[in-house]
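Q:
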Amino acid sequence: MSTERVERLLDAAVGSLPDGRPRAPQVEMLRAVAAAVDSGTHLAVQGPTGVGKSLAYLVPVLDAAERGVRTVVVTATRALQDQLAEEDLPLAAGPVDAVDWAVLKGRSNNLCRAALHALPARRTQQTELEVAPAEETGPRDDPAAVAELVARSTT
Numbered sequence: 001m002s003t004e005r006v007e008r009l010l011d012a013a014v015g016s017l018p019d020g021r022p023r024a025p026q027v028e029m030l031r032a033v034a035a036a037v038d039s040g041t042h043l044a045v046q047g048p049t050g051v052g053k054s055l056a057y058l059v060p061v062l063d064a065a066e067r068g069v070r071t072v073v074v075t076a077t078r079a080l081q082d083q084l085a086e087e088d089l090p091l092a093a094g095p096v097d098a099v100d101w102a103v104l105k106g107r108s109n110n111l112c113r114a115a116l117h118a119l120p121a122r123r124t125q126q127t128e129l130e131v132a133p134a135e136e137t138g139p140r141d142d143p144a145a146v147a148e149l150v151a152r153s154t155t
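Sequential numbering of the sequence shown, starting at 1, is according to the working numbering.
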């Protein structure tokens, strides 16, 4: 993935906000995430509130999704999960061609590999399943759509 491309995508996403322009720490994180996605390595990044971390990691991940690269983003809180699904993903996906994403919320709000693979068998036990396909503007309850998305991501 081209660093210039993801920087342009970030510019477009952030530029759609009032007085929006990328911040230096946000661009630094964007470059690190893009490099990690390209090399297939893990990356842990932290930063203070207001840096724009969500867009800094979502833009390169969504850019890679256009090429078939699959990514799982795990959050520590439901609030961040909701922020990503309702605000940040639609904003970051704006300049990117259509991609699919799903929000999975289980009893403990954690997703591990075993739970991901067991999802189709356990879907009736899930306390809440929401899906936000690219063609829709917001999440919807549809366990079958989640199962289909998970099936595509595990093959």
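Think of the CB as a built atom: it goes at the ideal place given N, C-alpha and C, for glycine as much as any other residue.
Tell me, to the nearest whole angstrom, how far the beta carbon of Leu62 is from that of Val99; I am working on the premise that it is less than 8 Å.
A: Going by Cβ atoms, the distance from Leu62 to Val99 rounds to 5 Å, so yes, they are a contact pair.
Q: Given a cut-off of 8 Å on the beta-carbon distance, is the pair Tyr55 and Asp82 in contact?
A: Just to set this straight, residue 55 is Leu in the shown sequence, not Tyr. Result no, Cβ atoms of Leu55 and Asp82 do not sit closer than 8 Å.
Q: Should Gly52 be labelled buried (16 or more other beta-carbon atoms within 10 Å of its own) or exposed?
A: Result: buried.
Q: According to DSSP, is Pro25 helix, strand or coil?
A: Helix at Pro25.
Q: Taking the Cβ atom as the reference point for each residue, do Thr71 and Ala64 lie within a distance shorter than 8 Å?
A: Yes, they are a contact pair.
Q: Give me the Cα-Cα distance between Arg23 and Glu66, rounded to the nearest whole angstrom.
A: In a straight line, the C-alpha of Arg23 is about 25 Å away from that of Glu66.
Q: Cα-Cα, which of Leu84, Ser16 and Val45 is closest to Pro25?
A: Closest option to Pro25, Cα to Cα, is Val45.
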